[in-house]
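Worksheet for the structure shown next.
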Amino acid sequence: MSDMDDGRAIDRRSVLRSLGTVVATVSLSGCLSDTPEQSTDTATTGDSLSVTITQGTAPDTLDPHNHRSTPTENVVRQAYEGLLARDASGAVTERLATGYERQEAGRVRFTLREDVSFHSGSTLTPADVVFSIRRIVDPSVGIESAQRDQLSGITDAQAVDGEHAVDVLTEGPNPLVVNQLATYCDIVEKQWVTESGEETVTQEMNGTGPFEQTAYEPNTRVAFEPFESYWGPTPGPTALTIDAASEASVRVNSLLEGESDLVVNVPPQEVQRIESNDSATLATAPSTRILYVAMRSDVEPFDSQKFRQAMNYAVDLESIVEDILNGFGKGTGQPTLEEFVGFDDSIEPYPHNPDRAERLIEESGYSGASVTLHTPQGRYLKDVEIAQAVVGMIDSLSNVSADLQQRETNALIGELTDGDRTTMPHMYLIGWGNATFDATKTLIPTLGCGEVLSSFCAESLDEEVQKSLQTTDQSKRQELLSAVNSNYHDMAPWIFLHQQFSVYAVDQRLEWTARRDERIEAATIARSN
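Take 100 as the starting number for the sequence shown in our numbering and just add one per residue.
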């Protein structure tokens, strides 16, 4: 039995050494902004700064290319980096690429940073970048990447002869290629991945990032220390641990008792406790995440548009935002958030109208139907309470009944992403974060026909979305995508819920800024003055 199997911590440093995620569009030419903003506080003072971050969910893998979870991303991004990134304001920044330029339609060249080392000691090469992109977009390379649709339109990558550069190949002009690579595609070492095997990649990390992994206790914690040969500024923390607690009260208690330094998803009822405590403070930001209840349109009773609309009219969204979230959210009526390309500002959330809901249920032919809502626990702010409210509102209708099934988060996500629709719940609460600020990166993966996570299919709308990816004319793209969002509002594939606000609690001794994309760059954490 391996250390992974029995849950003991894994020390990977000796193993590796023996092997020897707000700008919606950017120009496809030129240099990028400066290197990542990272603290040098502890380096200049010589003091240690040990930081523990507590999330709601533990990572389900350490493979940077085979997950769709922000909590997992917040672990792996400490060790891995992409060609590009975004800073806290959303601006695209350089990471392993120092510039990019479109060579022709369907080809963008990225110049790579010199003298970058992996944690194993190997030097970054163009072959590593090519392999990393192919590992996501080409299933024949080794895995069926869960992130393949996030690089949709990117078909391949090629090393440039005689240059420390890589050409990224796309279908047509692909107006999103820079935004995509600023959000997705961490770079891995080709030789290490191919020689180590997939099981090792799920348990150990070997990136170029500011922290290297020192221990891993599955479903419990991951520990890091600064990578001494990191190409960029020295990270603020001299030791970093990321752990998880699904109960919000447990997370808050861990902060107030000094066991954690930064905790996510602070619920409204805990806000006063944080604000009245001298040792902690709140950090908030409206996120790029939308929460919704998906309804599978291929099964009864959700194959009826009228029934799906009824579910929306049954839910008092305003009450959920005000009474459950205490205003830490904003109601939605379409899949795209206000700040994104494609948002239709004429669309309002569905109003609460139980009488109309009951009439639509009668017209749908599904009077007397019973539905079950599956929800994760502790993944999103007040997720269980929101799900309970939704079920209660639906169940209060005279001609339909509803019940709730609470699920372990990773188990539910597994059922939604394993490609087997027969195991996919008919109705489930889920969140979707979109750090590209473009409607297509929500519409395609969550509603596109045949997509792994999609609960819906409207081929005519898929065609319009694809048209938006074949032009760089932003006004035309806005027109196409706005119409798509309007149609989705009417088709009601989801019970539209809300834009989530991210609410964190932070130890007073730390300086840290919450990001809209929910990503935690631990290297930027500094000691407060």
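Just so you know, even glycine gets a beta-carbon here, dropped at the ideal spot from N, CA and C.
Just so you know, these numbers come straight off a predicted model, no measurement behind them.
If only complete runs of 3 or more residues are kept, the segment 348-374 shows no beta strand (DSSP E) anywhere.
For SER463, the enclosing alpha helix (DSSP H) starts and ends at 453-463. In this structure, the CA atom of GLY530 is about 8 angstroms from the CA atom of TYR479.
Beta-bridge analysis with DSSP links LYS405 to no other residue. C-alpha of GLU358 to C-alpha of ALA604: approximately 13 angstroms in a straight line.
In this structure, the alpha-carbon of MET410 lies about 55 angstroms from that of GLY220. In the three-state DSSP reduction, HIS166 falls in the coil class, being neither helix nor strand. The segment 257-338 contains, as complete alpha helix (DSSP H) runs of 4+ residues, the segments 276-280, 289-295 and 297-302 (chain order). In the DSSP assignment, the residues bridged to LYS429 are GLN598.
At least 8 angstroms separates the beta-carbon of THR301 from that of ASP415. VAL215 and LEU542 have their C-alpha atoms spaced approximately 36 angstroms apart. Within its own chain, the residues whose Cβ lies closer than 7 angstroms to the Cβ of MET590, once the five positions on either side in sequence are excluded, are GLN404 and ALA557, listed in chain order.
With contacts defined as CB atoms closer than 8 angstroms, MET394 and SER500 fail to qualify as a contacting pair. By the beta-carbon neighbour count (other beta carbons within 10 angstroms, threshold 16), THR319 is exposed. Listed in chain order, the beta strand (DSSP E) runs fully inside the segment 572-622 are 593-606, counting runs of at least 3 residues.
Under the DSSP definition of a beta bridge, TYR179 lacks any partner. The continuous stretches of beta strand (DSSP E) do not include PHE230, which lies in the alpha helix (DSSP H) extending over residues 225-236. ASP494: member of the alpha helix (DSSP H) spanning 482-494, first to last residue.
As computed with DSSP, ALA393 is found in a beta bridge with TYR527 and TRP593.
Looking at ASP377, PRO367, ALA338 and GLN371, the one whose alpha-carbon comes closest to that of GLU356 is ASP377. Under DSSP, THR153 takes part in a beta bridge, and its partners are ASP342 and VAL362. Secondary structure of ALA534 (DSSP, three-state): coil.
Scanning GLU617, ILE493, ILE446 and ASP519 for the CA closest to the CA of PHE406 turns up ILE493.
Annotation: SER581 to LYS540 spans about 14 angstroms, alpha carbon to alpha carbon. Here SER231 is buried: its Cβ has 16 or more other Cβ atoms, across all protein chains shown, within 10 Å.
As DSSP reads the structure, LEU503 sits in a beta bridge with LEU472.
GLY261 has its alpha-carbon roughly 46 angstroms from the corresponding atom of SER601.
Of the candidates HIS451, GLY428 and ASN498, the residue whose Cα lies closest to the Cα of GLU462 is ASN498. Looking at ASN509, THR380 and THR623, the one whose alpha-carbon comes closest to that of PRO158 is ASN509.
In the structure shown, VAL440 falls within a strand segment according to DSSP collapsed to helix, strand and coil. Per the C-alpha coordinates, the member of THR521, GLN573 and ILE373 positioned closest to VAL398 is THR521. A straight-line Cα-Cα distance of about 9 angstroms links VAL150 and ALA621.
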